[in-house]
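Worksheet: the structure to be examined is printed underneath.
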Amino acid sequence: MDIRKCSSMTGLTCTEQNFITKAASQQAASEHGIIIVAPDTSPRGCNIEGEDESWDFGTGAGFYVNATQEPWKTNYRMYSYVTEELPRLINSNFPADPEKMSISGHSMGGHGALICALKNPGKYKSVSAFAPICNPIQCAWGQKAFSGYLGPDKSTWELYDATVLAESYSGPELDILIDQGRDDQFLSSSQLLPDNLIAACSKKKIPVVFRLQQGYDHSYYFIFSFINDHIKHHAKYLNA
Amino acid sequence: MDVFEVRGRLDVIAEELASEEEEEEATDEDVFEQGSSDVSTHTQQMKVSTDSLTPDRASAVCDAALCFQEQLNKRRSKLSQKIVEMENFASNLEEIFITVEENFGRQEQNLEQHYNEVLQTLLQRNEARAAALDEQKNSKLECLYGQLLRCGQTLDASKELIESAQELHRRPDKHGFLQAVMPVMKRVEQFAGEEVDLKLGVSLDFQVLTPDLSEVRQMMESINVLPAPSAPVMNPQIANSATDTSLHVCWSLFSDDTVEFYELYWRLISDDCTMETPQEVSQLKVKETHCTVSSLRPNAQYELWVTATNTTGISPASERAVYMTVPSPPVLKPRQCVSSLNAALIRWDSGNTDPVESYTLEFGETGTDGSGTESIVAIPSCECLLQLQPQKIYILHVRAVNIGGPSDRSEPVHISTTGTFFHLLEDTAHPSLSLSADGLTMFYLDEDLPISHMTFSDNTFNRCVAVLGDLVPVRGQYYWEVEVDEDAEFRVGVAYEDTQRNSHLGGNNTSWCMRHILTPSRHKYEFLHSGWTPDIRITVQPLRIGVFLDYSRGILSFYNAALRQHLYTFSCHFLHYVQPCFALDNPGALTLRTGMTAPAYITP
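If you read the sequences in order, they're chains V and S. Those letters in the first sequence? Residues 63 to 302, per my numbering, in order. Those letters in the second sequence? Residues 13 to 616, per my numbering, in order.
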């Protein structure tokens with residue numbers, strides 16, 4: 063029996079364990095018959111100089127791009143990893159249905175999920191995100207990471223910016239679910255910028271349901287509280 | 013499966029079990045007694061150890077038990093019916109018995125009276141005759157006595173003369189003798205010369221008067237003349253013999269009386285206490301012992317009685333019977349009927365001003381030519397909740413029933429169980445709303461209509477320009493869609509039936525709704541309950557909204573039906589049944605789409 067899978071990408075500083083251990087997605091996944099694939103956030107042990115200097119760049123902060131700049135471009139190819147290498151690995155080792163794939167993520171992982179879906183129309187049946195970085199070229203995190211991985215040419219950054227990609231998206235209809243904690247410090251510090259994405263999607267008529275959850279912050283308790291809704295959201299499309 | 017088939021199967025099972033025991037030397041005992049096919053006289057006793065029975069056999073045994081139970085129930089209800097019929101018959105017999113007794117009692121009395129009169133007259137004649145005879149006797153006796161007296165006197169006088177003559181004769185004195193003899197001799201001569209009347213003055217025969225018995229004869233003859241008839245007996249109303257404007261009336265005559273014709277009388281029985289004079293009595297002359305009375309009112313009670321007439325006279329009136337015309341047929345209200353996949357709530361108007369006893373609902377699938385029509389009887393009110401099969405179309409009729417029988421069938425209504433069906437309830441609509449003819453679209457036309465032009469009632473919304481729909485009162489799953497214009501500001505959702513009519517939908521704890529607000533910069537969406545909404549942004553404006561209600565899971569969900577996109581779900585434990593609700597906050601229109609099952613993406 064082919065099982066559908068949902069890749070769930072984690073955010074800055076996280077490893078694959080964060081989602082596996084803290085999101086409590088197993089119950090809902092099991093109920094809907096979905097494999098959860100939880101990749102890491104960056105390559106590990108590359109011994110690249112400076113990779114461990116910041117928590118928001120390098121190790122644990124791959125930003126799901128294929129780096130074009132040295133010394134990152136050899137190893138920091140998280141975009142290809144997530145969209146090509148990892149699915150192949152899963153499909154050949156698990157009874158997964160290669161056609162039934164969805165993607166989801168938190169924070170930086172949310173950014174990763176959004177861009178993978180927007181850059182690969184039709185590849186993912188659905189996409190969802192928790193507190194994603196929606197417009198990285200406009201926020202401090204994104205600017206730091208992109209300039210490091212992609213260089214100074216901002217046009218190359220746009221290739222990995224969900225808001226920009228949404229503005230020029232044409233492809234099969236997506237159904238995007240985004241949950242955002244209202245008391246998220248990164249929201250208030252303008253790192254996440256969901257309004258920009260919403261505006262772009264409204265203009266391009268990309269269906270998004272964006273929920274601002276009162277009282278919730280950026281933590282895994284937030285994910286824990288709403289993960290069932292996300293898995294149900296994916297199940298609707300994966301099991302159709 | 014009939015009783016014989018079941019018994020056959022039970023036989024087979026018993027045999028198999030017996031042979032199994034022999035083979036396996038099972039320790040458990042299965043005792044299986046078979047009763048006869050007549051369930052009412054024998055009871056089945058089955059002690060079966062379910063451990064040693066396979067599921068198939070256990071279910072066969074259960075089936076058999078159920079089958080017998082059903083048979084028992086059927087026969088029991090037939091018996092009850094028979095008992096009721098017999099009771100009715102017995103009470104009618106009682107009435108007949110009493111009337112016959114009365115009739116014969118009266119006849120007896122009449123005869124007795126008659127004969128008493130005859131006897132009296134005879135006695136009188138007899139007495140008269142006796143008196144006449146007596147009189148005769150007395151007069152004869154008187155006459156005879158007179159004669160006797162005279163005779164006596166004459167004898168005495170004669171004797172005296174003779175004595176004096178003898179004395180004279182014996183007188184020695186001849187001189188004296190000669191002196192006295194001459195007058196004596198004259199007297200004797202005189203006396204002897206007198207005629208002695210020796211005839212009886214009266215006849216010894218009595219004149220027997222013939223009494224005048226002509227009157228008596230007449231009276232005797234009149235006993236043999238035809239009497240006036242005895243009172244007839246009204247029969248009780250025969251079931252299903254009445255229509256809504258006519259009654260078939262029957263009566264009987266329990267004697268050998270000759271009857272030329274009957275006169276039937278009837279009068280409307282009115283419960284109206286304000287009527288001072290009783291209703292006028294109508295009558296009809298009839299030759300047979302039955303007739304049909306027409307031009308009556310439906311669902312009305314009539315008092316009827318009958319007299320029998322022949323050449324002699326008119327009988328006393330019969331006891332009065334009460335008959336009832338059947339009601340007028342009810343009127344189904346299709347706009348107020350609602351249905352879902354497996355149930356429907358049917359509503360109707362009575363069709364009669366006075367109450368009826370009950371209603372009967374008849375329904376069947378369309379296209380089945382009337383076979384497989386089911387009936388639900390003894391419905392006490394003007395609505396009925398039905399269990400139905402999904403994905404079918406039914407045709408329904410209803411009848412009103414009173415003691416006279418059932419009315420004609422109402423006009424039919426078609427009910428579909430392909431999904432949730434309902435209409436907007438006009439009597440809840442804010443006066444600024446007008447509904448389309450099919451009850452599925454609402455229009456809010458004039459925002460500036462002055463309040464003085466509006467008629468409110470207790471049931472209409474008076475602040476929120478809203479209207480309610482209706483659902484089958486069953487805690488199941490329901491789905492409907494709402495189509496809106498791009499610039500319509502609306503509220504759609506559900507509310508309790510008694511949600512405050514002076515409040516806005518979603519603004520209280522008795523309603524849940526999705527709200528669309530048009531701001532200069534964007535479309536704003538709220539999901540309101542008790543005035544609170546989560547903060548939700550939706551990028552693609554939903555113009556066809558799917559609403560899904562699931563009582564058992566306690567959820568109310570909204571979808572962009574065109575995109576199959578889930579928008580929001582309320583989690584709420586509904587304490588009562590809820591009804592769909594709709595409101596427009598600005599002039600515009602909103603259309604309801606019903607009759608579809610929830611799409612697959614909604615129901616997992």
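Glycine is no exception: its CB is placed at the ideal position from the N, C-alpha and C atoms.
Which residue comes first and which comes last in the beta strand (DSSP E) that contains residue i?
| i | result |
| --- | --- |
| residue 289 of chain V | Careful: residue 289 of chain V lies outside any beta strand (DSSP E), inside the alpha helix (DSSP H) at 282-300. |
| residue 345 of chain S | Looking at the DSSP string, residue 345 of chain S is not in any beta strand (DSSP E), and its letter there is neither H nor E. |
| residue 250 of chain S | From DSSP, residue 250 of chain S is part of no beta strand (DSSP E); its letter is neither H nor E. |
| residue 410 of chain S | 405-414 |
| residue 186 of chain V | Residue 186 of chain V -> no beta strand (DSSP E), and no H or E assigned at all. |
| residue 277 of chain S | 273-281 |
Straight-line CA distance for residue i to residue j?
| i | j | result |
| --- | --- | --- |
| residue 563 of chain S | residue 444 of chain S | 32 Å |
| residue 246 of chain V | residue 120 of chain V | 24 Å |
| residue 432 of chain S | residue 483 of chain S | 8 Å |
| residue 317 of chain S | residue 329 of chain S | 7 Å |
| residue 612 of chain S | residue 560 of chain S | 12 Å |
| residue 51 of chain S | residue 79 of chain S | With a pLDDT of only 41 at residue 51 of chain S, under the threshold of 50, the placement of this residue in the model should not be trusted; the figure read from the coordinates follows. Between residue 51 of chain S and residue 79 of chain S, the C-alpha separation is close to 10 Å. |
| residue 522 of chain S | residue 541 of chain S | 8 Å |
| residue 95 of chain V | residue 301 of chain V | 9 Å |
| residue 346 of chain S | residue 171 of chain V | 55 Å |
| residue 117 of chain V | residue 169 of chain V | 14 Å |
| residue 254 of chain S | residue 315 of chain S | 14 Å |
| residue 244 of chain V | residue 276 of chain V | 5 Å |
| residue 38 of chain S | residue 70 of chain S | Confidence at residue 38 of chain S is low in this model, with a pLDDT of 45, below 50, so the placement of that residue should be treated as unreliable; the coordinate-derived value is given next. The straight-line gap from Cα to Cα measures roughly 17 Å. |
| residue 115 of chain S | residue 313 of chain S | 28 Å |
| residue 343 of chain S | residue 513 of chain S | 29 Å |
I'd like to check one pair, residue j with residue i: are the Cβ atoms closer than 8 Å?
| i | j | result |
| --- | --- | --- |
| residue 270 of chain V | residue 293 of chain V | no |
| residue 103 of chain V | residue 123 of chain V | yes |
| residue 182 of chain V | residue 225 of chain V | no |
| residue 258 of chain S | residue 305 of chain S | yes |
| residue 392 of chain S | residue 370 of chain S | yes |
| residue 478 of chain S | residue 437 of chain S | no |
| residue 492 of chain S | residue 604 of chain S | yes |
| residue 173 of chain S | residue 199 of chain S | yes |
| residue 201 of chain V | residue 250 of chain V | no |
| residue 164 of chain V | residue 296 of chain V | yes |
| residue 442 of chain S | residue 476 of chain S | yes |
By the three-class DSSP mapping on this structure, what secondary structure does residue i have?
| i | result |
| --- | --- |
| residue 77 of chain S | helix |
| residue 134 of chain V | coil |
| residue 90 of chain V | helix |
| residue 637 of chain S | The structure shown does not extend to residue 637 of chain S, since chain S is modelled only from 13 to 616, so the question has no answer here. |
| residue 173 of chain V | helix |
| residue 123 of chain S | helix |
| residue 328 of chain S | coil |
| residue 400 of chain S | coil |
| residue 79 of chain V | helix |
| residue 45 of chain S | The predicted model places residue 45 of chain S with a pLDDT of 39, which falls under 50 and marks its position as unreliable; any figure quoted below should be read in that light. Of the three classes helix, strand and coil, the one that applies to residue 45 of chain S here is coil, per DSSP. |
| residue 608 of chain S | coil |
| residue 435 of chain S | coil |
| residue 581 of chain S | strand |
| residue 524 of chain S | strand |
| residue 371 of chain S | strand |
| residue 68 of chain V | strand |
How would you label residue i, buried or exposed, when you count the other beta carbons within 10 angstroms and need 16 or more for buried?
| i | result |
| --- | --- |
| residue 526 of chain S | buried |
| residue 427 of chain S | buried |
| residue 538 of chain S | buried |
| residue 178 of chain S | exposed |
| residue 283 of chain V | exposed |
| residue 568 of chain S | buried |
| residue 358 of chain S | buried |
| residue 96 of chain S | exposed |
| residue 401 of chain S | exposed |
| residue 155 of chain V | exposed |
| residue 258 of chain V | buried |
Could you tell me the boundaries of the alpha helix (DSSP H) in which residue i lies?
| i | result |
| --- | --- |
| residue 201 of chain S | 186-205 |
| residue 250 of chain V | 247-250 |
| residue 262 of chain V | 256-266 |
So is the beta-carbon of residue i under 7 Å away from any non-hydrogen atom of the ligand FMN?
| i | result |
| --- | --- |
| residue 240 of chain V | The ligand FMN is not part of this structure, which contains no ligands at all. |
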